[in-house]
Amino acid sequence: MFSYSLVFLFSIIFSQSDLSNWGAITSYLTPNDITLNSNGLTYASTSGGLLQYDKVNDEFTFIGLEEGLVYLDLSSIALDSKERVWLGGNKPRGCLQVYDPEIGLVEFFEDALIDSIGEIIIDDNMALMIYKGKSADDFGILKFNLNEDGLPEYKDYFNNFSDDPITQVNDVDVSNDSIYVTTDKGLFSGNKEDNLKFSSNWHNSSGKILQT
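For the sequence shown, numbering that gives the first Met the number 0 gives the first residue as 0, with consecutive numbering after it.
This is how it looks when you write it as structure tokens:
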């Protein structure tokens, strides 16, 4: 779906008859992630800010510092239940911004030890995201609880999935009571209610997948 959406976005861009319209927005033509809301609006996180495309009116909107964003080099994007846009910051400023298209920036999180924020997953009462720290061996998952307005409140981080050294975290997902993390050492799962700071509470599920 991600690859298809990127192709879709580029097909929109390069199908425009008046190429002169694109002369001043080169930085927006490097989308790193993309999503669509229920009204058919397409959003892309780019190295120059947030790009919105309205297919019905064939209009692009470029959202940056003047619209309230704090940092523009964006690596990832997600929509919450209220269709607010969550944006993960690229290196070297791994911040989280929550942008409401109606009122602007509504939440901002930053930690000096976080270099970048990757994939963002929003569940019923929490949000998870892949992070890369400032040091070479610091990477894992950030956990945020959602308050009564559905906005993130930082809770914890998890980076101790295995006793074996892990050098990459590729993906994160949530299903029922379990959190799943894909790494270079396989797929690990943990129960949301357990203390996931300890590797003993993460289970390598790669073998089970191969058996099925």
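Ideal Cβ positions, reconstructed from N, Cα and C, are used throughout, including at glycine. Because the structure is a prediction, the values reported are computed rather than measured.
query	result
Helix, strand or coil at Asn200 [DSSP, three-state]	helix
Three-way DSSP call (helix, strand, coil) for Glu65 in this model	helix
Contact set for Asn200: own chain, Cβ-Cβ below 8 Å, skip 5 residues either direction	Gly189, Asn190, Asp193, Asn194
Cα-Cα separation, Thr45 to Leu35	15 Å
Proximity winner among Ser75, Leu145, Asp53, relative to Gly93 (alpha-carbon distances)	Ser75
Beta-carbon proximity list for Asn203, same chain, < 8 Å, skipping 5 on both sides	Ser161, Lys184, Gly185, Leu186, Phe187
Reference Ile62, options Leu49, Leu71, Phe143, closest by Cα	Leu49
Assigned secondary structure, Ser205 (DSSP; H/G/I helix, E/B strand, else coil)	helix
Meets three-Cβ-pair contact criterion under 8 Å: the region 130-142 and the region 65-75	no
Coil, strand or helix - Asp123 by DSSP	coil
Lys95 and Gly87 closer than 8 Å at C-beta	Correcting the residue type first, residue 95 is Leu in the shown sequence and not Lys. Closer than 8 Å, so yes.
Inter-residue Cα distance where the pair is Pro100 and Val168	31 Å
Among Lys54, Ile129, Met125, nearest to Lys90 - alpha-carbon criterion	Ile129
Length of the line joining the Cα atoms of Pro164 and Asp172	21 Å
Trp201 at chain C interface by Cβ criterion, 8 Å	Of the protein chains in this structure there is only one, and it is not chain C.
Distance, Glu58 Cα to Phe197 Cα	49 Å
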